[in-house]
Every structure is written in structure tokens, then in C-alpha cells.
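Converting from the sequence shown to this note's numbering requires adding 1 to each position, the first position being numbered 1. For glycine and all other residues, C-beta sits at the position ideal for the given N, C-alpha and C. This report concerns only the one structure given below.
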Amino acid sequence: MSVRHAVITAGTKGLGKKVTEKLLKEGYSVTVNYRTDEKAKKVLEKEWEIHENKVQFVKGDVQNKEDLSLLKEEAMKRFGRIDILILNAGPYIFERKALADYEEEEWEQMINGNLNSAFHMMRQVIPIMRKQQFGRIITYGFQGVDHSPGWLYRAAFAASKTGLASLTKSVAIEEASNGITANMICPGEILGEMKENDIEKAREAKDDKTPVGRSGTGEDIARTVLFLIDDNADMLTGSIVEVTGGLDVLHKHRS
């Protein structure tokens, strides 16, 4: 069997960087999408030089369906297959505000970046996975997303991710007979440098807010991804996997 090939969006920074790093170390080849940061790409080209035969970088905005098509085409041109699709990219508005205070552009950015982009990318990749009779699709959500909760001052983001959760589950049912699984990972509060850090590093600093006693890290998400994409993980599909350390992320801010 050929080396499994993964395509990951926004794979040069934050959680995406840590997931990509873990995939390469575990022997996967990876096509990494990035939006604009050429400096970050150049740093990683040097840092991952040992893996240069297994990694390529493709520039593009996930809100642009032509860029998504190019991402698929470049992956197939270089590696001839797409076994894993990790939809790591997804815009987020950090300012807390009510739905009625959103600009139209902000709403459209949330829906296009988090939901429409998933539709366009899945539509590109699923036919390839069907031919292979193997595929693993990973999306990202938030705590409680499978119950369609209201999220105070995060209405647009919550609506896009709730739609994505339903889409993920629908694809899981539709494609199960084709050897394709689809699951959603819901990271907890993983902030700043912890997005690219290891579990060992997090254990050095106690976190009283999180019941397990430490912050979440990029490694936690990467380990979860690796578990779900394993060849023998085919019984896990249509699942929403929360990686929160027991922290109530959704209701941390109530006003």
C-alpha cells in the first residue's frame, strides 16, 4: 500500500501546525494549505526539511472555491491520492457581539469559511476517496455543537459549526459503505503558544480553570486526529469528540 496522504487546511500555524508535524513524524505525506503567511511557510520548509519528500505547501484561501480546487489538484499531482482530509481552517470573530450587530461581511465570512468551504472541499475529495474505497474526514467544532446550543455573542460562528456538525454526520452515513469515515473534533480552550505546544509542556504549569489541571495543547488535538484517521478506526464515524479536559468552554462567559 502507498503511504497515506493527508490534505490539511491552515496547516502552518497553531493547531494545524502541530497536527501536520505529528502526521509527518508518523509517516504520512501531507499537502499543507496556507493563506498568506509566506514567512511561516519558509520557516517550516526549513524546519521540516527532513520530510521534504513527503510535504508540499499550497497557497489559497478556503473561502475561495477555486483555491480549494487547486489544493486538491496539487495534492493529486504530487502524491496521486488523498486518504485524509483535515478541515483545520475556520475563521472566528474574537469581538463578542450580538447577532444584530454583525456586519453582513462578518456573517458571510463565518458561513463561507466554516461551512461552505467544507462543502466545496468534500465535494472535491469524496469521489477520490470512493475510488480508493478509503477515506478519513476530520472537521472541527466546539463543545456541545451536536446539541445545537445557543452561544452568547458567538451566533454566526455557532451557526456555521452547528451546520458543519450535521454535514459531518450526514457524510458519515452516506459514505460508510465506501470505506470513508467523517468525524468532528471539538477543541477546548487552547490559547496562544499552547496551540503549538506539547502535553509535557502544559503539565509544567498548573491550570486551575481546567478540571484535569492543565491547559489543552496542539498535541492533544494531533493525538485525537491520529486516532480517528487510523486504518482500523472505521467503527468510529459520525462522532463528535470533545477534547476539553472537562472545562465548560461554552458557558465560561455568561454575560
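Annotation: the continuous alpha helix (DSSP H) that includes residue 122 extends over 118-133. For residue 42, the CB contacts under 6 Å within the same chain, skipping 5 residues up- and downstream, are 13, 35, 58 in chain order. With 16 or more other Cβ atoms inside 10 Å of its own Cβ, residue 142 counts as buried. A distance below 7 Å separates the beta carbons of residue 11 and residue 89.
In the three-state DSSP reduction, residue 86 falls in the strand class (E or B).
Spatial neighbours of residue 154 in its own chain (CB-CB distance under 8 Å, excluding positions within 5 residues in sequence) are listed in chain order as 97, 98, 99, 254.
Here DSSP, grouped into helix, strand and coil, assigns residue 182 to strand. Looking from the CA of residue 194, the closest CA among 48, 204, 218 belongs to 218. For residue 137, the uninterrupted beta strand (DSSP E) run begins and ends at 136-141, by DSSP. Contact between the region 37-54 and the region 64-79 is absent: fewer than 3 CB-CB pairs across the two stretches fall below 8 Å. DSSP assignment within the region 178-233 yields the following whole beta strand (DSSP E) runs of 3 residues or more, N-terminal first: 181-188. Between the beta-carbon of residue 248 and that of residue 210 there is about 6 Å, and that keeps the pair under the 8 Å contact cut. About 12 Å separates the CB atoms of residue 227 and residue 184; that is not less than 8 Å, and the two are not in contact. Of the candidates 128, 189, 199, 207, 128 places its Cα closest to the Cα of residue 175.
One thing to note: residue 244 has its Cβ within 7 Å of the Cβ of residue 221.
By the neighbour-count definition (other C-beta atoms within 10 Å, threshold 16), residue 51 is an exposed residue. If you look at residue 110, you'll find it in the alpha helix (DSSP H) that goes 105-112.
The continuous alpha helix (DSSP H) containing residue 44 extends over residues 39-48.
The region 24-31 makes no contact with the region 100-112; the number of CB pairs closer than 8 Å stays below 3.
Contact annotation: residue 119 and residue 86 have beta-carbon atoms that are not nearer than 7 Å. In this structure, the alpha-carbon of residue 126 lies about 22 Å from that of residue 18.
In the DSSP assignment, residue 80 falls within the unbroken alpha helix (DSSP H) covering 66-80. Here DSSP, grouped into helix, strand and coil, assigns residue 149 to coil.
Secondary structure at residue 55: coil, using DSSP grouped into helix, strand and coil. Per DSSP, reduced to three states, the secondary structure at residue 157 is helical.
Here the alpha carbons of residue 188 and residue 102 stand approximately 27 Å from one another.
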